[in-house]
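Below you'll find the structure, written out as structure tokens, and then a few comments.
In full-length UniProt numbering, the protein residues as written are 1 to 351.
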């Protein structure tokens, strides 16, 4: 009886899992598409699901019909249909038709979503972002605008944004669930694709989406997140101008922040840049660009932006993201030095 009671939980847990799988916030759910790519992928998913459910329903109905209507009542052998040409044609043709119904829009969408010719034109006005995945953070370079940032991607709505994807260490995968994806980032080749963010859907999500690494890459794979800020084209142009206006590291305005800047220059500047200009060789960019760190909404891609979390991250990053490359870099800072460095970093704003 105890075993039977345990088995009864399986249907309940299955139904619960099915219900929970449909839950999700608009900034991270694939079931709430926020752009053209996500919409097409979502429609293909609905089409394939409808075909599968339709096949299951027909098979179950035939199965029940056979059981109820043709159950054995005597010892007579029923009429055999083996080799019946009509039946053979029917159950061969129907799957082919179903496959064509699914294959034609799938292939068409694949070619459409893979069309990146516009980004390769010399005089193109297309917005291009070079994405570089690292253990366990993301770098976003806007080559035409000559700026580099990290951890938070800023994109305009209602236009195609083209991406060059690569990795600097191991294989990762770039994925913004609500916008579409995913695509691998490799160390030996560059993958290309495009996304588009719908302004109305973005407004519903408060112009904020989450991106994730979708390829197991190490102990902190699940923590390799990034934010996507969607803005209008005018706001994006202003953001670019603000970033481009930062030509030198921002100077501290208080005595404590000045001490923090000195600590930064002695310990952090070897890995973290505080100017967005694309002058540092790609191989030398060892950590996220901090030019606009004070304008961010997260720390390390996963923590709420506040002083306490920043101090905890600087003091013991291994406890937050195991296996990260910053572990052990700042363990000898005193509380006063940690306060000063925190103040300086949070003052790095462009707005």
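Glycine included, every Cβ here is placed at the ideal spot set by N, Cα and C.
On the DSSP bridge assignment, give the partners of residue i in chain order.
i: residue 170; result: Answer by DSSP bridge pairing: none, since residue 170 is not bridged.
i: residue 130; result: 141, 164
i: residue 183; result: 174
i: residue 218; result: Looking at the DSSP assignment, residue 218 forms no beta bridge with any residue, so it has no partner.
i: residue 150; result: 139
i: residue 195; result: 161
i: residue 156; result: 231
i: residue 277; result: 147
My guess is that residue i and residue j are in contact by the Cβ rule of under 8 angstroms, so how many angstroms apart are they, rounded?
i: residue 143; j: residue 130; result: 6 angstroms
i: residue 315; j: residue 348; result: Residue 315 to residue 348, Cβ: 19 angstroms. No contact.
i: residue 304; j: residue 350; result: In fact, because the Cβ distance is near 21 angstroms, the residues do not count as touching under 8 angstroms.
i: residue 311; j: residue 334; result: At roughly 12 angstroms, the Cβ-Cβ gap does not stay under 8 angstroms, so residue 311 and residue 334 are not in contact.
i: residue 372; j: residue 289; result: A question about residue 372 goes unanswered here, because the residues of the chain that appear run from 1 up to 351.
i: residue 149; j: residue 276; result: 6 angstroms
i: residue 178; j: residue 32; result: 6 angstroms
Cutting at 7 angstroms between CB atoms, please list the residues of its own chain near residue i, excluding the five before and the five after it.
i: residue 302; result: 223, 225
i: residue 180; result: 35, 37, 38, 41, 195
i: residue 246; result: 275, 276, 291, 350
i: residue 202; result: 34, 157, 230
Leaving out the 5 sequence neighbours to the left and right, which residues in its chain are closer than 6 angstroms to residue i when beta-carbon positions are compared?
i: residue 233; result: 156
i: residue 258; result: 252
i: residue 361; result: There is no way to answer for residue 361, as the model of the chain reaches only from 1 to 351.
i: residue 172; result: 133, 185, 213, 215, 217
i: residue 317; result: 324, 326, 327
i: residue 299; result: 305, 309, 310, 313
i: residue 293; result: 345, 348
Looking only at C-alpha atoms, which of the options sits nearest to residue i?
i: residue 286; options: 139, 37, 146, 78; result: 139
i: residue 229; options: 96, 311, 151; result: 151
i: residue 282; options: 45, 117, 169, 340; result: 169
i: residue 260; options: 73, 109, 345; result: 345
i: residue 153; options: 319, 167, 171, 132; result: 132
i: residue 175; options: 163, 211, 158; result: 211
i: residue 146; options: 61, 69, 242; result: 242
i: residue 47; options: 163, 141, 105; result: 105
i: residue 236; options: 158, 268, 173; result: 158
i: residue 291; options: 198, 87, 248; result: 248
i: residue 81; options: 141, 199, 90; result: 90
i: residue 95; options: 54, 107, 16; result: 54
i: residue 44; options: 319, 59, 109; result: 109
i: residue 250; options: 67, 239, 265, 69; result: 265
i: residue 263; options: 128, 332, 182; result: 332
i: residue 28; options: 254, 136, 114, 206; result: 206
i: residue 164; options: 123, 114, 200; result: 114
i: residue 182; options: 112, 15, 30; result: 30
i: residue 402; options: 231, 321, 123; result: Outside the displayed span of the chain (1 to 351) sits residue 402, for which this structure offers no information.
i: residue 240; options: 112, 297, 141, 307; result: 141
Between which residues of its own chain and residue i is the CB-CB distance below 8 angstroms, once the five residues before and five after are set aside?
i: residue 51; result: 98, 101, 102
i: residue 126; result: 118, 119, 160, 162
i: residue 116; result: 162, 192, 193, 194
i: residue 319; result: 312
i: residue 124; result: 118
i: residue 322; result: 219, 220
i: residue 166; result: 130, 131, 132, 133, 185, 186, 187, 189, 190, 191
i: residue 199; result: 157, 158, 230, 232
Establish whether the CB of residue i and some CB of chain B are separated by less than 8 angstroms.
i: residue 78; result: Here there is only one protein chain, and chain B is not present.
Would you say the beta carbon of residue i comes nearer than 7 angstroms to a heavy atom of the ligand ZN?
i: residue 238; result: Among the components of this structure there are no ligands whatsoever, and the ligand ZN is therefore not found.
message: Pairs of beta-carbons, one from the region 186-194 and one from the region 221-230, closer than 8 angstroms: are there three or more?
response: These segments do not touch.
task: Could you say if the region 172-189 and the region 265-277 meet the contact criterion of at least three C-beta pairs nearer than 8 angstroms?
output: Cβ pair count under 8 angstroms is below three, so no.
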